[in-house]
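For what it's worth, my numbering labels the leading residue of the sequence shown as 141, then goes sequentially.
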Amino acid sequence: MDRVNILLWAVTASLEMHPDRSLDERTLPADLCPHERKELLARLTRMGFYAYIREFFTSGQIGIVLVTERQK
141 MDRVNILLWA VTASLEMHPD RSLDERTLPA DLCPHERKEL LARLTRMGFY AYIREFFTSG
201 QIGIVLVTER QK
């Protein structure tokens with residue numbers, strides 16, 4: 141749960157510090173558990189953000205990116 145709290149703080153701080161920017165993309169730890177991902181998305185939604193997780197594969201590595209946007 142600490143990792144979820146840290147990620148929530150980072151995303152909201154980034155978007156609040158830069159009001160001209162409506163989108164935040166950040167790489168998530170590859171070992172983030174499914175329940176942590178679900179909790180992160182649920183809490184961002186409750187806070188009024190639109191968020192989703194995008195996974196990609198490069199050179200045999202899995203990459204995970206959290207995309208968060210202000211709801212209009």
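Just so you know, even glycine gets a beta-carbon here, dropped at the ideal spot from N, CA and C.
Asked: What are the boundary residues of the alpha helix (DSSP H) that includes R183?; Found: P174 to R186
Asked: Between the segment 194–202 and the segment 143–160, do three or more beta carbon pairs fall short of 8 Å?; Found: no
Asked: With a threshold of 7 Å on Cβ separation, who are the neighbours of S154 within its own chain once the five nearest residues in sequence on each side are excluded?; Found: D164
Asked: With a CB to CB cut of under 6 Å and the five nearest residues on each side skipped, what residues in its chain are close to A191?; Found: L181, L184 and T208
Asked: Using CA atoms only, rank isn't needed, just tell me which of L206, T152, V205 and K178 is closest to G188.; Found: T152
Asked: Suppose you measure from the CA of Q211 to the CA of Q201; what does that come to, to the nearest Å?; Found: 32 Å
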